Amino acid sequence: MKPAMETAAEENTEQSQERKVNSRAEMEIGRYHWMYPGSKNHQYRPVPTLGDRAGPLSSPGCFECCIKCLGGVPYASLVATILCFSGVALFCGCGHVALAGTVAILEQHFSTNTNDHALLSEVIQLMQYVIYGIASFFFLYGIILLAEGFYTTSAVKELHGEFKTTACGRCISGMFVFLTYVLGVAWLGVFGFSAVPVFMFYNIWSTCEVIKSPQTNGTSGVEQICVDVRQYGIIPWNAFPGKICGSALENICNTNEFYMSYHLFIVACAGAGATVIALLIYMMATTYNYAVLKFKSREDCCTKF
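Per our numbering, residue 13 is the first one in the sequence shown, and the count goes up by one each step.
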């Protein structure tokens, strides 16, 4: 056992050492304030030890943020938008040029009288203006559906968060579902209608191939192989000549107007088919998102009570 005097002396020594350490720290802080006057209002906090520091994976980095952003992208709506823009562009662009080439072929070879195909020219001109309207409408509609897909996808991803759906938002989503279904049915008709000129040009092309075949080439029966476009109803029955046979028909198939119009109609039909597929994808995406939003609204109503 140490005497009480020695114990008191040791305690005084430890206290004096602590005062020296504190005084040194205060002197260093005062010297720092004198050198940097603007730092007087700063609050000094103890430096965290290695155990107190957060690990590198505890806070979200650039990779985690990118993954989170990619998780909120409506990939179905994005693919449908790209497919819809491509299909509508092919249908409208190629269809417009192909219709102009068809009018040139009819005027030069099948209907020399302007009055016979005046109605057809007006209908084709009207269809070209309709093509302009279709292209503009689907450009805006595709952007709106893509934005609606981003909205509904964010709602789906945050089912357990603070996201709240409104009756107006659900009504707008339901309206897009109904409108997309109507447009899908309408484009099925457009796709079927765009196959009609392909069928007509294919018949003319196949007839020309028969004329070029070795079995009929050089024989007198070539002039009896004819194509009558009046049977398709695009020009009246009193149109002259209305029917082309033999070598004259072969010359039509070798023209640039026929070649370009035939292939452009094929591409336009393919574009219409791509648009139908895009609208089908839109139907599935919008229907699913609307169903999830409706389910979430019911869940929110139940949690309130």
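Where a beta carbon is used, it is the ideal one built from N, C-alpha and C, also for glycine. Note that the structure is a prediction, hence the values are computed from the model and not measured.
Contiguous alpha helix (DSSP H) assignments of at least 4 residues, all confined to the segment 83–146: 87–117
Specify the secondary structure class of Pro209 as computed by DSSP and reduced to three states. helix
If we count the other Cβ atoms within 10 Å of its Cβ and call it buried at 16 or more, is Asn127 buried or exposed? exposed
Mind reading off the beta-carbon distance from Ile223 to Leu276? Whole number of angstroms is fine, and I expect it under 8 Å. Their Cβ separation, rounded to whole angstroms, is 23 Å, which puts Ile223 and Leu276 out of contact at 8 Å.
Given this structure, state the Cα-to-Cα distance separating Val239 from Ile94, to the nearest angstrom. 40 Å
Which residue marks the beginning of the beta strand (DSSP E) containing Ile247, and which one marks its end? Counting along the chain, Ile247 falls outside any beta strand (DSSP E), and DSSP gives it neither H nor E.
Rounded straight-line distance, which links the Cα of Ala303 to that of Thr219: 53 Å
Where does Ile256 fall in DSSP's three states? strand
Taking Val239 as part of the beta strand (DSSP E), name the residues at either end of that continuous run. Cys238 to Asp240
Using three-state DSSP, classify Thr267 as helix, strand or coil. coil
Smallest Cα separation from Asn125: which of Leu131, Leu102 and Ala251? Ala251
Going by other Cβ atoms of all chains shown within 10 Å of its Cβ, with 16 needed for buried, is Ala110 buried or exposed? buried
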